[in-house]
Amino acid sequence: MASPARLTVLAGPSAVGKDTVAADVRARFPQVWLSVSATTRPPRPGELQGVNYHFVADDEFDRMVADGELLEWAVVHGVYRYGTPRKPVIDHLATGDPALLVIDLQGARQVRASMPEARFVFLAPPSWDELVRRLVGRGTEGEAERERRLASARVELAAEAEFDHVIVNDDVHRATEELVAVMGLDGPPVRDGAAG
Ligand code: 5GP
1 MASPARLTVL AGPSAVGKDT VAADVRARFP QVWLSVSATT RPPRPGELQG
51 VNYHFVADDE FDRMVADGEL LEWAVVHGVY RYGTPRKPVI DHLATGDPAL
101 LVIDLQGARQ VRASMPEARF VFLAPPSWDE LVRRLVGRGT EGEAERERRL
151 ASARVELAAE AEFDHVIVND DVHRATEELV AVMGLDGPPV RDGAAG
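Quick note: the sequence shown uses this note's numbering, first residue 1, plus one each step.
If you want it as structure tokens, here you go:
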């Protein structure tokens, strides 16, 4: 069993199921705090401001970058910007509750540079064909956006070895079990100084 992690970064290609696995972790361990990212992407039907994302205009994102408000940020899939607001992460880490960031590869690399003690987990699809099937099947992207996401998925998959742990999302509950174990959530509570 792993020692408890304070900060865990979950990355992996689009449509692999990162948000579903993160929600499953939260359902079992409500003390896990999930960072809410800022993005310039418009909301999809059903997405809520401040819940799924902080949906912001381009100039507001510019301001957040200029003011150093983001722990990391990246242009994801070549179009929209996504970033992790820094202050909520710092505040939650101070409470001692475990925190989880669900971000892309570029963001994970930035967090590794500034917070190397975090635990870096890559969620991988069982196969390339299965990833394509999930991306097409969820039907939230048009053809061009899907192609962009598949192009970045190839880049993300090639970087899997940079991560501390690779979890194959062949089944959401099984993958969640593995992530919970990697985060050390089934172990004793996080102690001061037990960062990574
Ligand atoms: P979506 O548009 O499907 O919600 O997210 C697209 C991608 O952006 C996902 O792969 C997700 O991991 C990534 N993403 C979401 N929030 C952040 C963030 O704060 N920073 C970075 N670097 N990537 C993010």
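Here a beta-carbon is modelled for each residue, glycine too, at the ideal position from N, C-alpha and C.
The closest heavy atom of the ligand 5GP lies less than 7 Å from the beta carbon of Q106. If you draw a straight line from the Cα of S114 to the Cα of E72, it comes to about 9 Å.
Considering only V121, A153, Q110, F61, the residue with the shortest C-alpha distance to E130 is A153.
With respect to the 8 Å criterion, L7 and A181 are not classified as neighbours on the basis of their beta carbons. Judged by DSSP in its simplified three-state form, H165 adopts strand. For the pair Y82 and A2, the Cα-to-Cα distance works out to about 30 Å. Closest by C-alpha distance to D164, out of D170, P116, I103, is P116. DSSP places F29 outside any beta strand (DSSP E), giving it a letter other than H or E. DSSP, read as helix, strand or coil, puts E72 in strand. P85 sits close to A38, with the two beta carbons spaced by under 8 Å.
Beta-bridge analysis with DSSP links T39 to F55, Y82. The three-state secondary structure of L93, taken from DSSP, is helix. Three or more pairs of CB atoms, one per stretch, sit closer than 8 Å, so the stretch 27-38 contacts the stretch 87-101. If you check the CB distance, G12 and F122 come in under 8 Å.
Cβ neighbours of N169 within its own chain (closer than 6 Å, five residues either side excluded): V16, G17, L123, A175. Rounded to whole angstroms, V51 and P43 show a C-alpha spacing of 11 Å. Taking C-beta atoms as the reference points, S14 and L101 fail to come closer than 8 Å. The three-state secondary structure of V16, taken from DSSP, is coil. Here E156 is buried. Its C-beta has 16 or more other C-beta atoms within 10 Å.
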